[in-house]
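In this note's numbering, the protein residues as written are 907 to 1407.
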């Protein structure tokens, strides 16, 4: 199978992973509270169950990312992580006690940590100019899962039978359903996923053969190479292998040839050195000279992590607030809220598709500024009109719809821009770990957001005022750091070189 086809199937599988993560959230969320009630759980258990998934994902994300950086592989990590998703959802299906249900969300959340490895893989296998486009498509897949997930509940709620010692009803069926879907995904990963090298750079090098390749041909360094090696010439003569931000070290058989060719090139200007041990060729050391403070306490990185935290904090707080608010002012039930979430899902997907188009034409920091502007407008609108709706029912409903529309509209701009910029301002050789840290910051926000909103549903001005203050702080940080939110120059990239080993 050619590399182009492998790449398409691999990206398709990644899309399925994010699609299923959205489906899982949308299938379990509507029934988890009633499920807990059947197990005699106290009201606070709902918050624990929802936060447990984010907590374990927060902790496992950097670990899986570190693993992928060490091994330069993601396939086995995804297969391992999916075992936790399968086990966690089966435990949810069993549902013998509230503690087992809580444990099930903790276990399933560990599997969600593989997302950091996937984002690291996407960073290493896409060109910087295409990264925002790819990230937007992946995020849209999760939103599509959130959109179609409620549709599965239509037939899951009809389940009422026994499966051996287990009862399959509308509360336990989502766990069994997701368990089966994750098992099917395991098969898809086994047969349709490959750990690929950075193909975009290969294309770029093929279109403009390097001077080093010509010199190597003149010296006869490849006189024993066959036709297969001829196809890999651009990789072997790459001048990009020294950059920590833009180079990719791949753990494939071709890596040894790359290193050998690079060493041979150095021999033109320096005496021959003793050959490197085979272990150093096969085991890259991406964390050599790595410093957490030097990597994450830089101005531009802090701004992007703040954007991740504040936008997710505000989003989850508003999601928590919406249901009691619609019940209080409009008398909405499960059906009306489901329709509202469905419409929001359509808007978010359309937003990601628009951002995907826009990111090909303007810089990511411009997209981020647009998104923050929309979020600020939404925050001011909600503070004035949603915290205490004015007028009669039609006006109150209109004010609420506009506030929700603006809030949802700004999310794709900020989400895509900050993750794409983050992948460019952090070292590519440790991208899995960095993405794990970013997702952990987001996980912390998804834990604190609902807790903040849940305790202040009767004090909307305080709740929304703090959210607006956070947005103002983020906007100020962006304004002062705007010039730094760009991909580092080639000279800066060379400061932390990657070796072939």
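Ideal Cβ placement from N, Cα and C applies to all residues, glycine included.
None of these values were measured; they are calculated from a predicted model.
Spatial neighbours of residue 1010 in its chain, beta-carbon cut-off 6 Å, leaving aside the 5 residues before and after: Within the chain shown, the letter at position 104 stands for residue 1010. Only 994, 997, 998 meet the Cβ criterion.
Sequence-distant residues of its chain with Cβ nearer than 7 Å to residue 1287 (five each side left out): On the chain shown, position 381 is the one that residue 1287 refers to. Within the same chain, residue 1287 has close Cβ partners 1308, 1309, 1312.
Whether residue 1031 touches residue 913 by CB criterion (9 Å): Sequence index remark: in the chain shown, residue 1031 carries index 125 (1-based). Sequence index remark: in the chain shown, residue 913 carries index 7 (1-based). Yes, the Cβ-Cβ distance between residue 1031 and residue 913 is below 9 Å.
DSSP-derived helix/strand/coil call for residue 1175: Here residue 1175 refers to the residue found at position 269 of the chain shown. Note on residue 1175: pLDDT 37, under 50, position unreliable in the model; the coordinate value appears next. Correct three-state label for residue 1175: coil.
Touching by the beta-carbon criterion (3+ pairs, under 8 Å), the segment 966-976 and the segment 1329-1339: Yes: the two stretches touch, three or more of their Cβ pairs being nearer than 8 Å.
Residue burial classification, residue 938 (beta-carbon count within 10 angstroms, cutoff 16): Here residue 938 refers to the residue found at position 32 when the chain shown is read from its first residue. Buried.
Where residue 1311 falls: helix, strand or coil (DSSP): On the chain shown, residue 1311 is found 405 positions in, with the first residue counted as 1. Here DSSP, grouped into helix, strand and coil, assigns residue 1311 to helix.
For residue 1330 and residue 1034, the rounded distance between their alpha carbons: If you number the chain shown from 1, residue 1034 lands on position 128. If you number the chain shown from 1, residue 1330 lands on position 424. For the pair residue 1034 and residue 1330, the Cα-to-Cα distance works out to about 7 Å.
CA-to-CA distance, residue 1012 to residue 1323, given in whole angstroms: Here the question's residue 1323 lines up with position 417 in the chain shown. Here the question's residue 1012 lines up with position 106 in the chain shown. Cα to Cα, residue 1323 sits roughly 30 Å from residue 1012.
Nearest neighbour of residue 1220, chosen from 1352, 1100, 911, 1379 [CA to CA]: Within the chain shown, residue 1220 is the residue found at index 314, counting from 1. Selected option, being the one with the closest Cα: 1352.
Residue 1073 in three-state terms, based on DSSP: In the chain shown, residue 1073 corresponds to position 167, counting from 1. Reduced to three states, the DSSP call for residue 1073 is strand.
Identified DSSP bridge partners for residue 1097: Counting from one through the chain shown, the residue named residue 1097 turns up at place 191. Residue pairing by DSSP places residue 1097 in no beta bridge whatsoever.
Residue from 1229, 1084, 1102, 1089 with nearest C-alpha to residue 908: By 1-based counting over the chain shown, the position of residue 908 is 2. Across the set 1229, 1084, 1102, 1089, the C-alpha of 1102 shows the shortest separation from the C-alpha of residue 908.
Collapsed DSSP secondary structure at residue 1413 in the structure displayed: The question about residue 1413 has no answer, for the chain in this structure spans 907 to 1407.
Exposed unless 16 or more other CB atoms sit within 10 angstroms - verdict on residue 1179: As a first step, residue 1179 must be located in the chain shown, where it is residue number 273. For residue 1179, the predicted model reports a pLDDT of 39, less than 50, meaning its position is unreliable; a value from the coordinates is still stated below. Of the other Cβ atoms in all chains shown, fewer than 16 fall within 10 Å of the Cβ of residue 1179; this residue is therefore exposed.
Local Cβ density within 10 Å of residue 1168, reported as buried at 16 or more and exposed below that: In the chain shown, counting from the first residue as 1, residue 1168 sits at position 262. Note that residue 1168 has pLDDT 39, beneath the 50 cutoff, so the model's placement of it is unreliable and no number is given.
Option in 1228, 1041, 1083 with minimal Cα separation from residue 1060: As a first step, residue 1060 is located in the chain shown; it is residue number 154 there, counting from the start. Ranking the options by Cα distance to residue 1060, first place goes to 1083.
Distance, residue 971 Cα to residue 1315 Cα: As a first step, residue 1315 is located in the chain shown; it is residue number 409 there, counting from the start. As a first step, residue 971 is located in the chain shown; it is residue number 65 there, counting from the start. For residue 1315 and residue 971, the distance between alpha carbons rounds to 30 Å.
Nonlocal neighbours in the same chain, by C-beta distance under 7 Å from residue 1302, ignoring five residues either side: Taking the first residue of the chain shown as 1, we reach residue 1302 at position 396. Excluding five sequence positions before and after residue 1302, the CB atoms of its chain that fall closer than 7 Å to its own CB belong to 1235, 1295, given in chain order.
Same chain only: Cβ atoms within 8 Å of residue 1081, ignoring 5 sequence neighbours per side: By 1-based counting over the chain shown, the position of residue 1081 is 175. Cβ within range, chain order: 934, 995, 996, 997, 998, 999, 1000, 1001, 1010.
Residue 1408: first and last residue of the uninterrupted alpha helix (DSSP H) it sits in: In the structure as shown, the chain starts at 907 and stops at 1407, and residue 1408 therefore has no counterpart that could be examined.
Sheet register partners of residue 1068 (DSSP bridge): Counting from one through the chain shown, the residue named residue 1068 turns up at place 162. According to DSSP, which records beta bridges pairwise, residue 1068 is partnered with 1073.
Test item: CB-CB of residue 1222 and residue 1355 under 9 Å: Here residue 1222 corresponds to residue number 316 of the chain shown, with the count starting at 1. Here residue 1355 corresponds to residue number 449 of the chain shown, with the count starting at 1. The Cβ atoms of residue 1222 and residue 1355 lie closer than 9 Å to each other.
Proximal residues to residue 1067 (C-beta, below 6 Å), its chain only, five neighbours per side dropped: If you number the chain shown from 1, residue 1067 lands on position 161. Within the same chain, residue 1067 has close Cβ partners 1074.
Inter-stretch contact at 8 Å, needing at least 3 Cβ pairs: the segment 1012-1021 / the segment 952-962: Inter-segment contact for the segment 1012-1021 and the segment 952-962 is present: three or more beta-carbon pairs are separated by less than 8 Å.
Nonlocal neighbours in the same chain, by C-beta distance under 6 Å from residue 1391, ignoring five residues either side: On the chain shown, position 485 is the one that residue 1391 refers to. 1206, 1271, 1327, listed in sequence order.
Where residue 1385 falls, given that 16 or more other Cβ within 10 Å makes a residue buried: Along the chain shown, one-based indexing puts residue 1385 at 479. That one is exposed.
N- and C-terminal bounds of the alpha helix (DSSP H) containing residue 1203: To locate residue 1203, count along the chain shown from 1; it is residue 297. First-last for residue 1203: undefined, no H or E at that position.
Range covered by the alpha helix (DSSP H) that runs through residue 1283: Mapped onto the chain shown, residue 1283 falls at position 377. Residue 1283 -> alpha helix (DSSP H) spans 1270-1287.
7 Å CB neighbourhood of residue 1276 in its chain, flanking five on each side removed: For this step, residue 1276 is matched to residue 370 along the chain shown. Result list for residue 1276: 1319, in chain order.
Contacting residues, own chain, Cβ-Cβ under 6 Å from residue 1389 (five flanking each side not counted): The residue labelled residue 1389 in the question sits at position 483 within the chain shown. Leaving aside the five residues that flank residue 1389 on each side, none in its chain has a CB nearer than 6 Å to its CB.
Coarse secondary structure for residue 1393, derived from DSSP in three states: Locating residue 1393 in the chain shown gives position 487, where the first residue counts as 1. Coil at residue 1393, not helix or strand.
Closest by C-alpha distance to residue 1056, when choosing among 1042, 950, 948, 931: Your numbering for residue 1056 matches position 150 in the chain shown. When each option's Cα is compared against that of residue 1056, the closest is 931.
Rounded straight-line distance, which links the Cα of residue 1200 to that of residue 1244: In the chain shown, residue 1244 corresponds to position 338, counting from 1. In the chain shown, residue 1200 corresponds to position 294, counting from 1. Straight-line measurement puts the Cα of residue 1200 at about 45 Å from the Cα of residue 1244.
Cut-off 6 Å between Cβ atoms - residues of its own chain near residue 929, not counting five sequence neighbours on either side: Here residue 929 refers to the residue found at position 23 of the chain shown. The answer, listed in chain order, is 1051, 1055.
Span separating the alpha-carbon of residue 1260 from that of residue 1253: Sequence index remark: in the chain shown, residue 1260 carries index 354 (1-based). Sequence index remark: in the chain shown, residue 1253 carries index 347 (1-based). In this structure, the alpha-carbon of residue 1260 lies about 10 Å from that of residue 1253.
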